[in-house]
Every structure is written in C-alpha cells, then in structure tokens.
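Numbering (the numbering used here) for the sequence shown: 188 to 423.
Ideal placement from N, C-alpha and C gives every residue a C-beta, glycine not left out.
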Amino acid sequence: MLFRLLARPLLAGLTALWLLFGTALPAWAEFSLPPLPYAATALEPAIDATTMTIHHDRHHGAYVSNLNGQIAANPALADLSLDALQGQISAFPLAVRNNGGGHWNHSQFWAVLAPAGQGGTPSPELLAAINKNFGSLEALQTQFNQAAAARFGSGWAWLIRKADGSLAITSTANQDNPLMDLPGIERGVPLLGLDVWEHAYYLKYQNRRPDYIKAWWALVNWNEVNGRWARAGVGA
Ligand SMILES: [Fe+2]
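Here is the structure:
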C-alpha cells in the first residue's frame, strides 16, 4: 500500500525530470556569447557604438546560436571546448567551421581591444621577439596592414606565434583561423587578430578599409597580447 502511495508521485517526478533534461541539451554543453568587456561606446571614435552593438549582439550572437544549433547533429561538439574545437575543425561540417570559427575569432577580437590609451604597450619580451622577427614594431604593423588590406572579401589578419617560437603574420578567409587543422592555413597561436569583414567597419568607413585598419591600431590591448604571447610558449 505504501509503495503504491509513493509510486505515483515518484513516477511523476521522474517524468518531469526527463521532460526537463532528457529532451534538451544540458545547459553546460552549449556555447555562450561573452559580454563585451567594455561599453559599446568605449572604442569611439575609431569604432562607433552602433557598429559595436550590431557586431557583437547580432553577428557574434548569430555565430553562437548557429553553433549551438549544430550540436544535435554533431554531438561530439558538446564535449569540446571552443579552443579544442578549432584544432579538430576538419572533422566537422562547414556550418561548424564557419560558426565555430566565428565564435572563437570574435571572442578573441573583443579581448584584444581596449579603449584608446588603456591597452598598454608590448612587453619587453614580446618587443624583443617583434624586433627579432620583423625588425621593429612599425615594420610589423606595415606587414600586418598589407595582409589585412589584401584579404579579398571577408576574413582576418593575424599575428601568430608559430610552433618554432617565431612570430609571423598571416591571413585567413571567412571565419577560419590559424588554430584550424585545415590545408592552406599557416598554423600558430593567434596573438592578435583583426576582423576585416565589412560588418566590422562599413557603417563608419564604408569602402575605406585601410582607414579602419589604421584607426584600429590605437585600440590594441597590448596587455592582453602580452599575456597571449607568454601563454603561447608554455609547454611548447
Ligand atoms: Fe566580425
């Protein structure tokens, strides 16, 4: 009698739990949109608040929701960190590559920027590596600007640390990045990546991509780049 009295609520409870968790992915398995680390107005005048809001909320937001929309068809995604996904991206369909790359690239983009005058300068260690590999910071910037301006259509320009410890400048199309295990990509750990998709600058700069690139340098968060450089060499 006691069992029969308890069985019904127990069964109802288990059914409710199944409905809650059994038919939906657990929240911890999904990717999430990181908030901007500063106000949308913080990078003005180089990057206007409207561009920042649309870029972060809608474009980056869409990459995250579209990536989450791929989990059901690609359950291995639920067990991968965003970082780990990049190095295994060849095992997934194009929609994961585009949206997983878009999520990683934009997450780094917000992090390597800071309001003008607040981003610090290259650390002595990073500056020594820059001088060794490029001759000077100005020479690095010239080469980087050329890579960013020459990227046809949509893509990214990158400063990377290669496996041999050297620095290099490279460029990727669409939402690819140097962490991806794909043919034709110069691989390395990204230290600084610039978004040259038109959505990143068109409202303010229209077709003047070089003006956007020039203004963007004043926003580089060298403190963050220094940390990425220091961490990239750990265990290498
Ligand atoms: Fe973008």
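Query: Which of helix, strand or coil DSSP assigns to Thr228; Result: coil
Query: Residue of Asp266, Gly306, Phe339, Arg348 minimising C-alpha distance to Leu230; Result: Gly306
Query: Pocket of ligand 1 (residues with CB nearer than 6 Å to any heavy atom), chain order; Result: His242, His246, His293, Asp382, Trp384, His386, Ala387
Query: Per DSSP, cross-strand counterpart(s) of Leu254; Result: Bridge partners of Leu254: none, in fact.
Query: Cβ contact check for the region 235 to 242 and the region 312 to 326: 3 or more pairs under 8 Å; Result: no
Query: Member of Ala282, Leu378, Trp297, Gln330 whose CA lies at the smallest distance from the CA of Ile347; Result: Leu378
Query: Residues of its chain near Glu217, where Cβ-Cβ distance is below 6 Å and the 5 sequence neighbours each way are ignored; Result: Asn255
Query: Reference Asn253, options Leu272, His290, Leu269, closest by Cα; Result: His290
Query: Cβ-Cβ separation, Ala301 to Leu406 (assumed contact under 8 Å), whole Å; Result: 6 Å
Query: Cα-Cα separation, Ala419 to Val376; Result: 6 Å
Query: Exposure label - Val421; buried when at least 16 CB within 10 Å; Result: exposed
Query: The region 394 to 404 / the region 357 to 369 touching (three or more Cβ pairs under 8 Å); Result: no
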